[in-house]
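Here's the structure we're looking at; comments come further down.
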Amino acid sequence: MLQQTRLQVALPYWQRWMAALPALEALAAAREHDVLLLWQGLGYYSRARRLQQGARQLQALAEHNEARTADPWPRTLEGWLALPGIGRSTAGSILSSAFDLPFAILDGNVKRVLARLVASPRPPARELKGFWQLSESLLDPRRPREFNQALMDLGATVCTPRNPSCGACPWQRHCAAYAAGDPTAFPVKEAPRELPYQVIGVGVVLNGAGEVLIDQRLNEGLLGGLWEFPGGKQEPGEAIEATIARELREELAIEAGVGEQLIVVDHAYSHKRLRFMVHLCTWLSGEPRPLAAQQVRWVRPEQLGDFPFPAANARIIAALHERLGLEASAADAAAALPHPEESRPAA
DNA sequence: TATCCGTGGGA
DNA sequence: TTCCCAAGGAT
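When we follow this note's numbering, the leftmost residue of the first sequence carries the number 2, and every step to the right adds one.
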């Protein structure tokens, strides 16, 4: 959870997670649907699926270990790196913090501290090998747990991105960036790229029974494995109503009447900006088929909270509930425990 | 190696 | 409002 995510943000998720999945066996046995529901809103959703895959791998390894003398947790770098979603830094964090073993880490805080310490002239991403060597060479092998924690805390509380407290820094005498006069010039940043911008037409399709149509995205790519309201990119010169009708036809093989606008949601991802133009639609004909998704379902609007949606879609759900006069909000539903109900394909 | 992968807190 | 960037990993 802490990969690219602040402790303060991850903490409430972690507390709910540990209450629902308190041990390796619980995570390994859980439904992926419920795992994603617990992760809903945290972002980088492949982390959740890979974490569960990793739990299942560790459990399988433990069952093949006939001796059963040791716990399932690896004590080697290779053992952790064999698990999906665990890279060198996370492996080093686990080994040093859980077992006090001498393995280095390299998170955002450490990169900044080291970049300033040596006044590294290039962005850390272009010097990863050197940064790893530096982190390893500094590590105190006698107490790696305390050293790594201290190094991260130094970056988080003293050697901060803006307005660092160099007067309180124990490494001030050794810091090349401080000697150069401007510590905030490091780490050197990559030239920011312009974010692509796209308009997405989204259809909230209702049938005669008052049910709404949702689909589960493919596991690969953006927001993999999460549910959404169907839609797609607006093409040049295309009216948004035409976009929505076309996407429903191409991706679900249905015909729908595109009605009034429900809401417009602007959302910035780390690498693109999107504007969702959301319209209420009326299903006309065709059994929905998951042509570009894992599965498709008709669900009652008050049931939407049982499905993991990305953040931008949570605003659409809230608008729909408000339009329909429902009191339950997506946020309320997201805070609830995983729903035991099985999720089945519509077709 | 460069790019993709989310979200939200804080300045 | 806009921008930065966070206990990184996979491809």
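All C-beta atoms, glycine included, are put in the ideal place defined by N, C-alpha and C. If you're wondering where the values come from, they're calculated on a predicted model, not measured in any experiment.
- Listed as beta-bridge partners of Trp284 by DSSP are Ala257.
- Judged by DSSP in its simplified three-state form, Ile264 adopts strand.
- In this chain, the alpha helix (DSSP H) harbouring Leu139 covers Leu129 to Leu139.
- Counted as a single uninterrupted DSSP element, the beta strand (DSSP E) harbouring Gly232 occupies residues Gly232 to Lys234.
- Less than 8 angstroms separates the beta-carbon of Ala157 from that of Asn110.
- Within the region 171-203, the alpha helix (DSSP H) runs of at least 4 residues that lie entirely inside it are, in chain order, 177-181.
- Under the criterion of beta carbons closer than 8 angstroms, Leu28 and Leu37 do not qualify as touching, at roughly 13 angstroms.
- Contact check for Glu256 and Gly287: beta-carbon distance about 6 angstroms, within the 8 angstroms limit, so the pair qualifies.
- With a contact defined as Cβ atoms closer than 8 angstroms, Gly86 and Leu52 qualify at about 6 angstroms.
- Rounded to the nearest whole angstrom, the CA to CA distance from Leu96 to Phe104 is 7 angstroms.
- Taking a contact as a CB-CB distance under 8 angstroms, the pair Pro188 and Lys130 does not count as one, their CB atoms being some 15 angstroms apart.
- When DSSP states are grouped into helix, strand and coil, Met153 belongs to the helix group.
- In the three-state scheme derived from DSSP, where H, G and I count as helix and E and B as strand, Ala24 is classed as coil.
- Taken in chain order, the complete alpha helix (DSSP H) segments of 4 or more residues contained in the region 14-60 are 25-30 and 33-40.
- Burial check for Arg7: the Cβ neighbour count within 10 Å stays below 16, so the residue is exposed.
- Phe277 has Ile201 and Val266 as its beta-bridge partners, per DSSP.
- Cβ neighbours of Leu285 within its own chain (closer than 8 angstroms, five residues either side excluded): Ile255, Glu256, Ala257 and Gly258.
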